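Participant:
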Amino acid sequence: MISIDDFRKIELRVATVKGAEPHPNADKLMVLQIDIGGEPRQICAGIRNHYSPEELIGKQIVVVANLETAKLRGLESQGMLLAASDEGRVIFLTPEKSVQAGAKVS
Numbered sequence: 015m016i017s018i019d020d021f022r023k024i025e026l027r028v029a030t031v032k033g034a035e036p037h038p039n040a041d042k043l044m045v046l047q048i049d050i051g052g053e054p055r056q057i058c059a060g061i062r063n064h065y066s067p068e069e070l071i072g073k074q075i076v077v078v079a080n081l082e083t084a085k086l087r088g089l090e091s092q093g094m095l096l097a098a099s100d101e102g103r104v105i106f107l108t109p110e111k112s113v114q115a116g117a118k119v120s
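Residue numbers (this note's numbering): 15 to 120.
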């Protein structure tokens with residue numbers, strides 16, 4: 015269990031996918047170019063076997079925006095996409111209606 019104060023440290027934001035391509039060095043990773051309210055970022059997500067790049071362009075996703083940058087198979091990932099999985103499916107979390115990129119999730 016974590017405290018509410020710990021939870022408040024996690025910054026969840028809505029991002030819009032601007033570009034997507036398969037990671038050149040990883041079979042399961044997709045490299046996404048995202049916009050978090052005028053702030054462009056790159057994230058690597060394990061969704062390559064579930065989505066094509068074309069399906070992702072323009073989609074709104076929920077990301078952990080204040081996660082430390084990590085190198086995944088040689089490429090920087092500046093956040094984490096939130097997704098649910100069951101029975102072999104991976105479904106990314108998205109707002110019910112379109113919102114401004116960068117909107118806080120609480």
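Beta carbons: idealized from backbone N, C-alpha and C, even for Gly. Since the structure is predicted, the reported quantities are computational estimates derived from the model, not experimental observations.
Within the same chain, show all residues whose beta-carbon is closer than 7 Å to that of R55, passing over the 5 residues directly before and after it, in chain order.
Facilitator: I48, Q92 and G93
Participant: Return the residue from the list M15, C58, I16 and Q114 that minimises the CA-CA distance to L81.
Facilitator: The shortest Cα separation from L81 among M15, C58, I16 and Q114 belongs to C58.
Participant: Since R87 sits in a beta bridge, which residues does DSSP pair it with?
Facilitator: The partner list for R87 (beta bridge, DSSP) is empty, contrary to what the question assumes.
Participant: What does DSSP give as the partner residue(s) for P54 in the beta ladder?
Facilitator: D49
Participant: Leaving out five residues on either side along the sequence, give the residues of the same chain with a beta carbon under 6 Å from the beta carbon of L107.
Facilitator: V76 and L96
Participant: Looking only at C-alpha atoms, which of V113, S120, M15 and E25 sits nearest to K73?
Facilitator: Among V113, S120, M15 and E25, the Cα nearest to that of K73 belongs to V113.
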